[in-house]
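Q: Please read through the structure below; I'll follow up with questions.
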Amino acid sequence: MKKYIALFRIRFINSLQYRAAALGGLATQFAWGSMEIFAFSAFYRANPDAFPMEFSHTVSYIWMQQAFLTLFMMWYWENSIAEAITEGSIAYEMVRPIDLYTRWFCQAGANRLARCTLRCLPILIVASLLPKPYRLILPPDMGQFLLFLVSTFLALGVVVAFSMLMYISLFYMLSSMGIRQITSAISDFLAGAIVPLPFFPEPVRAVVELLPFAAMQNMPLRIYSGNISGMDAVRGIVFQVLWLTALVFIGRLLMNHALKRVIVQGG
């Protein structure tokens, strides 16, 4: 376990070096979050009773989504993992005395967490100082906030576990472009990155909320905003644990199968 903790720590510290990229991303996230909120504001003013979430909940959902963007978005890609598979350097990884799935899992999780650390605090501070109704609100109590923290780390685990399935699929493909674009678009939409899941039509929502995508950003953002609370939040966290366990199990199964059949040519 110590070697995986050390690997996580090294990757986390290494990713903290990209401060300029984080500062550039802040401006984009502020602008995108503001545009989303203004668009929703127009719809709410037209018919405030037609929406399943209060406007203040939607605003908090959007600001928290922007603050924790790199934790949740599936378009974030670990190029080093993809290149190791497609270019053949996976051979060096396989001879090391370390479990490859756990190594890549720690690497992906550390990189996401480090980039989030660089960006989240400025967004949270500025969003908390905005005038109502565009201000980020706090959870109603400490219990709700603690549930949010637990759900956030579980959501990160689900996102990384699902990403691992994408990387493992590269053992059977010549290019990562197709699987990356298709899976990222579908998963982000179904996870509530474009429109929160409560806004989906009821028949569609009933199905989507059973999929692993609902265990990603959908759950912690709705818990923080207050759309999900109490026992519903606890059940949502149990749902995340079940999907995390299932995805890790499937990922390990597929990884073992792929490594037994992998052939590296060249010298």
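Per my numbering, residue 3 is the first one in the sequence shown, and the count goes up by one each step.
Ideal Cβ positions, reconstructed from N, Cα and C, are used throughout, including at glycine.
Quantities reported herein were computed from a predicted structural model and do not represent experimental measurements.
1. Which same chain residues, not among the five before or five after Ile170, have their C-beta less than 7 Å away from its C-beta?
2. With distance defined between alpha-carbon atoms, name the residue in Ile7, Ser231, Leu212 and Trp65 nearest to Pro135.
3. For Gly228, does the three-state DSSP call read helix, strand or coil?
4. Which runs of the alpha helix (DSSP H) spanning at least 4 residues fall entirely within the segment 186 to 253, listed in chain order?
5. Taking the straight line between their C-alpha atoms, what separation do you get for Glu56 and Leu115?
6. Val97 by DSSP, collapsed to three states: which one?
7. Measuring CA to CA, which of Pro99, Ile225, Ala163 and Gln67 is closest to Leu123?
8. How would you call Asn49, buried or exposed, if buried means at least 16 neighbouring beta carbons within 10 angstroms?
9. Hey, would you say Phe32 sits closer than 8 Å to Ile125, going by beta carbons?
10. If you reduce the DSSP assignment to three classes, tell me which class Leu151 lands in.
11. Between the Cα of Met221 and those of Leu140, Ala110, Ala157 and Glu38, spot the shortest distance and give me the residue it belongs to.
A: Once the coordinates are examined:
1. Gly253, Leu256, Met257 and Ala260
2. Trp65
3. coil
4. 204 to 210 and 220 to 227
5. 30 Å
6. coil
7. Gln67
8. exposed
9. yes
10. helix
11. Ala157
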